[in-house]
Ligand code: ADP
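What follows is the structure, given as C-alpha cells:
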C-alpha cells in the first residue's frame, strides 16, 4: 500500500487528506482551522469501506501550524487510520503561486522554499501561508520527501501572446507582471479525466474547461496543454466570481481613487471580497442566486445574467483561439451542480455545434457524465474535480 498525505495550507487553517494510491482512495481527511485564535477547531474524518465518513470534532487551542500538525497526528492516533500501518511515502503541498519559475511538481529543498517565499510578492496572502504549512509539515514528517504542486504550473505552457499584457515591457519585466493563471491542478485533472472517460488520446483533443466554484476560471486546453486561461497575475482577472469582479476596466481603479478617495487596501477588498455576484445581489451562494432569480428577485436575475454573459464571452473567445473544440467540460461546485448555469451558458449555441440535452443536463450523479445531445458536434461533459487526488498523483510522480 502506498499512501500520500496532501496538505492545503492557509494562513490560519489547513486541510489534509491521506490517500491510498493503489486504489486512489481517501483514507481520512480533515481540517484544522482558526489557528492562533482562542478556540481552534479540528475536524477529522475517517472514511469507511462503504464510502461513508465518520467525523470527529474537537475544539482546542492551537497556537501555530506546528501545533496544528501535532493535533492532526493526535487525531490519526486516536481515531485512525494508523499512520504506522499507512505511513505516507511523501507529503504533497498545494502552493498557489509558482511564478514563471515552477512548471512541474517539485521536491522541496531549502532553495525551493526560499523561492516560494520569494514569490510572495505575487501572492502575498497565499505563498507565506503555504511556506508555513511546508515548514510545519517537515517537522512532523521529517523522513519523507515533501513535494510542492503549484496552482500556476499547468498554465506555464501558455504562449507569450496569451500571457503578455500590453503593458510597458520594461515595467512588466521588472515587476514580473504577466498572466500566470490558477486552478491549474483542477484544469489538468478534469481535462485528463475527460479524455480518459471518452477513451480518446488527450494529445488529439481540444477542450475548454470551466472551473466554476467560489473562484472561477476557464481554460483552453490544446492536446493536453493549457494555451489560454482567464485568471491572470492574480485570481482576480476573468470570470465573474462569488465575491470577485473578474474583468473590469483598470481605469475604474484610477476613477475610484480620484473620486472616492479609495486607497489600495480598500480597493483590493472591494474588488476581491465585496463584488462579483455578492456585490451585485447580496447573495454569495449560487444555489440562493438561482433560486431567487427564478422567483422574481430582479437583482438576483440581473447578477446571474452578468455571470452568464461573461462565461459566453470567454467561451466564444476560446472557441476562436482553438479553432476546433471537441469537448466543453464543467467542473467545481457550480459547474458540477448547477444545471441552470450550464444550460444558460450554452443556450443558443447550436450553430456552433453545441447542443445540450435538457434531460441529461438535469440528471444528477457523482461521476463523470455527458450532457450534450447525441447529434452535438461538441461533447459537453460534467467532470467532478479532485484537486487533492491530482496533487497526490503529481507528488508520487515527482518522487
Ligand atoms: P471553492 O472555490 O470554494 O472550492 P466550490 O467548488 O466548492 O468552491 O463551489 C462553491 C459554489 O458551488 C458555491 O457558489 C455553491 O453555491 C455552488 N454549489 C454547490 N452546490 C450547488 C448546487 N446544488 N447548485 C448550485 N450551486 C451549487
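Numbering (my numbering), first residue to last: 65 to 463.
C-beta atoms are modelled at their ideal positions from N, C-alpha and C, and glycine is treated no differently.
So, for residue 433: in the same chain, excluding its five sequence neighbours on each side, which residues have a beta-carbon less than 6 Å away from its beta-carbon? For the purposes of this step, residue 433 is taken as residue 369 along the chain shown, with counting starting at 1. 446, listed in sequence order.
Could you tell me which whole alpha helix (DSSP H) segments of length 4 or greater appear in the stretch 105-143? 129-143
Beta-carbon gap between residue 159 and residue 191 smaller than 8 Å: Along the chain shown, one-based indexing puts residue 159 at 95. Along the chain shown, one-based indexing puts residue 191 at 127. For residue 159 and residue 191, yes; Cβs fall inside 8 Å.
Check whether the stretch 420-437 touches the stretch 298-309, taking contact to mean three or more Cβ pairs, one atom from each stretch, closer than 8 Å. Verdict: no, contact absent.
For a quick check, are the C-beta atoms of residue 448 and residue 395 less than 8 Å apart? The residue labelled residue 448 in the question sits at position 384 within the chain shown. The residue labelled residue 395 in the question sits at position 331 within the chain shown. In this structure, residue 395 lies closer than 8 Å to residue 448 by Cβ.
Which full runs of the alpha helix (DSSP H) of 4+ residues lie inside the stretch 316-347, going along the chain? Counting only runs of 4+ residues, the alpha helix (DSSP H) found wholly inside the stretch 316-347 occupies 328-337 and 340-345, in chain order.
Run through the DSSP bridge pairs and tell me what residue 276 is partnered with. Taking the first residue of the chain shown as 1, we reach residue 276 at position 212. Residue 276 is bridged to 280.
Got a list of residues with beta-carbon closer than 5 Å to any non-hydrogen atom of the ligand ADP, in chain order? 277, 278, 279, 349, 350, 351, 396, 397, 398, 401 and 402
According to DSSP, residues forming a beta bridge with residue 82: Here the question's residue 82 lines up with position 18 in the chain shown. Answer is 69 and 92.
Check whether the Cβ atoms of residue 281 and residue 247 lie closer than 8 Å to each other. Counting from 1 along the chain shown, the entry for residue 281 is found at position 217. Counting from 1 along the chain shown, the entry for residue 247 is found at position 183. Yes, the pair counts as a contact, with Cβ atoms nearer than the cut-off.
Which residue marks the beginning of the beta strand (DSSP E) containing residue 212, and which one marks its end? As a position in the chain shown, residue 212 is number 148, starting the count at 1. Unbroken beta strand (DSSP E) run through residue 212: 210-214.
Confirm, please, whether the CB-CB distance from residue 71 to residue 24 is below 8 Å. For the chain, the structure presents residues 65 to 463; residue 24 sits outside this window and is missing.
Can you say whether residue 316 is buried or exposed, counting buried as having 16 or more other CB atoms within 10 angstroms of its CB? Your numbering for residue 316 matches position 252 in the chain shown. Burial call: exposed.
My output table needs one value for residue 392: the three-state DSSP class, helix, strand or coil. Residue numbering aside, residue 392 sits at position 328 when the chain shown is read from its first letter. Strand at residue 392.
Between the CA atoms of residue 360 and residue 164 - distance to the nearest angstrom: Position 100 of the chain shown holds residue 164. Position 296 of the chain shown holds residue 360. Distance between the alpha carbons of residue 164 and residue 360: 47 Å.
Give me the Cα-Cα distance between residue 195 and residue 456, rounded to the nearest whole angstrom. Start at 1 with the first residue of the chain shown, and residue 195 comes out as number 131. Start at 1 with the first residue of the chain shown, and residue 456 comes out as number 392. Going from the Cα of residue 195 to the Cα of residue 456 covers about 18 Å.
Neighbourhood of residue 452 by C-beta distance below 6 Å, restricted to the same chain and skipping five residues each side: For this step, residue 452 is matched to residue 388 along the chain shown. For residue 452, where only same-chain residues beyond five positions count, the Cβ hits under 6 Å are 70 and 81.
Going by the DSSP bridge assignment, what does residue 271 pair with across the sheet? Taking the chain shown and counting its residues from 1, the one referred to as residue 271 is at position 207. The beta-bridge partner set that DSSP reports for residue 271 consists of 285 and 391.
Between residue 362 and residue 105, what straight-line distance do the alpha-carbon atoms span, to the nearest angstrom? The count along the chain shown starts at 1 and reaches residue 362 at position 298. The count along the chain shown starts at 1 and reaches residue 105 at position 41. Whole-angstrom Cα-Cα distance: 39 Å.
Which residues in the same chain have their Cβ closer than 8 Å to the Cβ of residue 272, if we skip the five residues on either side of it in sequence? Residue 272 sits at position 208 when you count from the first residue of the chain shown. So the list reads 282, 283, 284, 285, 379, 382, 383, 386, 389, 391, 392 and 393, once near-sequence residues are dropped.
Check residue 197 in the structure and name its three-state DSSP category. As a first step, residue 197 must be located in the chain shown, where it is residue number 133. In the structure shown, residue 197 sits in a helix (DSSP, three-state: H, G or I).
Could you check where the beta strand (DSSP E) with residue 157 kicks off and where it finishes? Here residue 157 corresponds to residue number 93 of the chain shown, with the count starting at 1. Where residue 157 is concerned, the enclosing beta strand (DSSP E) stretches over 152-159.
Range covered by the alpha helix (DSSP H) that runs through residue 443: As a first step, residue 443 must be located in the chain shown, where it is residue number 379. Per DSSP, residue 443 belongs to no alpha helix (DSSP H); it is in the beta strand (DSSP E), 443-446.
Taking residue 435 as part of the alpha helix (DSSP H), name the residues at either end of that continuous run. Here residue 435 refers to the residue found at position 371 of the chain shown. Run containing residue 435: none; DSSP gives neither H nor E here.
Of the listed residues 161, 184, 230 and 398, nearest to residue 220 (C-alpha basis): Here the question's residue 220 lines up with position 156 in the chain shown. Per the C-alpha coordinates, the member of 161, 184, 230 and 398 positioned closest to residue 220 is 161.
Over the uninterrupted alpha helix (DSSP H) stretch that includes residue 174, give me the two end residues. Taking the first residue of the chain shown as 1, we reach residue 174 at position 110. 174-182 is the extent of the alpha helix (DSSP H) around residue 174.
With distances taken Cα to Cα, identify the nearest neighbour of residue 274 among 254, 264 and 265. Taking the chain shown and counting its residues from 1, the one referred to as residue 274 is at position 210. Comparing Cα positions, the closest option is 254.
Is there contact between the stretch 138-154 and the stretch 208-215, where contact requires at least three CB pairs shorter than 8 Å? Output reads yes: the stretch 208-215 touches the stretch 138-154.
Are the Cβ atoms of residue 217 and residue 166 separated by less than 8 Å? By 1-based counting over the chain shown, the position of residue 217 is 153. By 1-based counting over the chain shown, the position of residue 166 is 102. Taking 8 Å as the Cβ cut-off, residue 217 and residue 166 qualify as a contacting pair.
Where the alpha helix (DSSP H) containing residue 384 begins and where it ends: Here residue 384 refers to the residue found at position 320 of the chain shown. Here the alpha helix (DSSP H) through residue 384 covers 362-386.
Have a look at the DSSP bridge pairing and note the partners of residue 465. In the structure as shown, the chain begins at 65 and stops at 463. Residue 465 is therefore absent and cannot be evaluated.
Tell me which residue opens and which closes the alpha helix (DSSP H) that residue 246 is part of. Position 182 of the chain shown, counted from the first residue, corresponds to residue 246. Premise fails: residue 246 is in no alpha helix (DSSP H) and is neither H nor E.
Among residues of its own chain, excluding the 5 on either side of residue 256, which ones have a beta-carbon nearer than 8 Å to its beta-carbon? In the chain shown, residue 256 corresponds to position 192, counting from 1. The residues are 266 and 288.
Taking the continuous alpha helix (DSSP H) assigned at residue 460, which residues delimit it? For the purposes of this step, residue 460 is taken as the residue at position 396 of the chain shown. Taken as a continuous stretch (DSSP letters only), the alpha helix (DSSP H) holding residue 460 covers 451-462.
Measuring only the C-alpha atoms, how far is residue 292 from residue 229? Position 228 of the chain shown, counted from the first residue, corresponds to residue 292. Position 165 of the chain shown, counted from the first residue, corresponds to residue 229. The straight-line gap from Cα to Cα measures roughly 13 Å.
Taking the alpha carbon of residue 375 as the reference point, which residue from 68, 401 and 405 has its own alpha carbon closest? Locating residue 375 in the chain shown gives position 311, counting from the first residue. Nearest neighbour of residue 375 by Cα position, chosen from 68, 401 and 405, turns out to be 405.
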